[in-house]
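Chemist:
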Amino acid sequence: MKIRIFVILIITSGMARAQNDGNSPQFWNNLGFVWNMDEKWSQGNILSYNFLADKDFTWGEITYWGNAEYSLYPFLEAMGGLYLASTNQDKDFRTSEVRPFLGIRIHSRVENRFSIANLSRLEWRFMYNK
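Residue 47 in the working numbering sits at position 47 of the sequence shown, and the numbers go up by one each step.
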């Protein structure tokens, strides 16, 4: 539980630079919460709103990432979930994305003071343009 709270705090808010030739900052805002239903099952959600702070280019996106996890062993979890995104590429072009996924996370035991994890996911990506 402590490691999940730490990860959520790390990704909660940040600032990155745009990838174009200019110097326009991007703002990334994430809200996440995890519900531990019992010792085996948990359900997590992340909602984010990200945008480019540039008066000439109006890029912005809103995303939702939700998953359910089942603990097979203390070091192994299986998961499935859904990623949804809606992105304003510019004033006249918007994309929507749906990505269901399945995954496996292998990690060191949470009783240790330091934890390391590997998440492998298989995703199906569906893009829609408007």
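Backbone N, C-alpha and C define an ideal beta-carbon position, used for all residues, glycine too.
1. Measure the beta-carbon distance from leucine 82 to proline 100 and round it to whole angstroms, keeping in mind my assumption that it falls under 8 Å.
2. Are the Cβ atoms of tyrosine 49 and threonine 95 separated by less than 8 Å?
3. Indicate whether the contact test is met: 3 or more Cβ pairs, each with one atom in the stretch 25–41 and one in the stretch 62–71, closer than 8 Å.
4. Assuming asparagine 129 is part of the beta strand (DSSP E), what are its boundary residues?
5. Provide the residue(s) that pair with leucine 47 in DSSP beta bridges, ordered along the chain.
Modeler: Let's see:
1. As a working note, residue 82 is residue 82 in the sequence shown. As a working note, residue 100 is residue 100 in the sequence shown. 5 Å between Cβ atoms; contact.
2. Taking the first residue of the sequence shown as 1, we reach residue 49 at position 49. Taking the first residue of the sequence shown as 1, we reach residue 95 at position 95. Contact: no.
3. yes
4. In the sequence shown, counting from the first residue as 1, residue 129 sits at position 129. From DSSP, the beta strand (DSSP E) with asparagine 129 extends over 126–129.
5. Counting from 1 along the sequence shown, the entry for residue 47 is found at position 47. In DSSP, leucine 47 forms a bridge with Leu31, Tyr64.
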